[in-house]
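One rule links them: number in my numbering = place in the sequence shown (from 1) + 105. Okay, structure first, notes after.
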Amino acid sequence: MAESAHSQTADAHAAGGTRRDFLVITGNALLGIGAVAAAWPLISSMNPARDVLAAGAPIDVDLSSLQPGQQILVLWRSRPIFIVHRTPAELKKLQDPQDISLLRDPDSNVLQQPPYVKNWHRSIKPEYLVLVGICTHLGCIPEFMPQPGGSLGPAWLGGYFCPCHGSRYDLSGRVFSGVPAPYNLPVPPHHFVSGTTVRIGENPTTSPFDFDSIEQI
Ligand code: FES
């Protein structure tokens, strides 16, 4: 049975001159990422126990207040999970042939995701992206930098940037060629239990998938 995640707000800060919303939802703020700033409604009054979360119990996350262009971060199995509400413009850009030609594994052929999200948007619903937020190089947490250009220069297309050694991913978590990270960001098991509530850590009933079979978590 899934636990409901309790929310804590975290920082909303500037990057490249544009505001980024970065929100942490966790029972116990296990990673302590960011400082409290942005307004975010409580998702639930429940506060799952640390050991329950660490054991990998599924968590339900209400996305009804997540606006297009925003990302939230939840913890599952003590790992950061990114959930992004992508805009129509961002979804269109993910299909740009020029951008796709720059990716190492644009079709997600390496087993870095469950089979039910092996598609161009790497998700169940195109607008909602769910990723394990751990760089496949050496395990840093990439930064959400959805705006093209900015501090990363005109060649930056928007996506995730890992400042540790410069790895870059698009807004589907697909890694670009020529960076240290070898694989796309992993996608955890998940499915929607309502129109805007996603359950992290559990597959759709029709799709068995072992998260531990992913090539590199
Ligand atoms: S850990 Fe991300 S680039 Fe090295």
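Think of the CB as a built atom: it goes at the ideal place given N, C-alpha and C, for glycine as much as any other residue.
From the options, residue whose alpha carbon lies closest to that of residue i
i	options	result
Asp167	Thr311, Leu243, Asn308, Val303	Val303
Pro309	Pro220, Leu276, Asp210	Pro220
Asn289	Gly258, Thr311, Pro247	Pro247
Ile322	Gly238, Leu262, Asp275	Gly238
Cys240	Cys267, Thr301, Gly300	Cys267
Glu320	Val215, Thr192, Glu232	Val215
Glu232	Trp181, Gly300, Ile305	Gly300
Whole-angstrom distance between residue j and residue i, CA atom to CA atom
i	j	result
Ser169	Leu236	18 Å
Asn224	Pro291	14 Å
Gln327	Ala260	Shown here, the chain extends from 106 to 322; a query on residue 327 therefore has no answer.
Val179	Thr311	25 Å
Asp317	Gly271	26 Å
His190	Gly264	13 Å
Cys269	Val298	36 Å
Pro287	Ile188	22 Å
Ala134	Gln172	Confidence in Ala134 is poor, its pLDDT being 30 and thus under 50, which makes the residue's placement unreliable; the coordinate value appears in the next sentence. Distance between the alpha carbons of Ala134 and Gln172: 22 Å.
Leu234	Val222	10 Å
Buried or exposed (CB count within 10 angstroms, at least 16 for buried), residue i
i	result
Leu243	exposed
His296	buried
Glu195	buried
Asp165	buried
Gln217	buried
Pro185	buried
Ser183	exposed
Spatial neighbours of residue i in its chain, beta-carbon cut-off 7 Å, leaving aside the 5 residues before and after
i	result
Pro313	none
Leu199	Trp225, His226, Asp275, Leu276, Ser277
Asp315	none
Other residues of its chain near residue i: CB distance less than 8 Å, five sequence neighbours each side excluded
i	result
Glu307	Ala107, Pro163, Pro294, His295, His296
Own chain residues within Cβ distance below 6 Å of residue i, not counting five before or after
i	result
Thr192	Pro173, Gly174
Pro62	Not covered by the structure: residue 62. The range shown for the chain is 106 to 322.
Assess contact between the segment 204-214 and the segment 248-259, defined as three or more Cβ pairs (one per stretch) separated by less than 8 Å. Is contact present?
With the cut-off at 8 Å, the segment 204-214 and the segment 248-259 do not touch.
The segment 276-296 touching the segment 206-217, judged by at least three CB pairs closer than 8 Å:
yes
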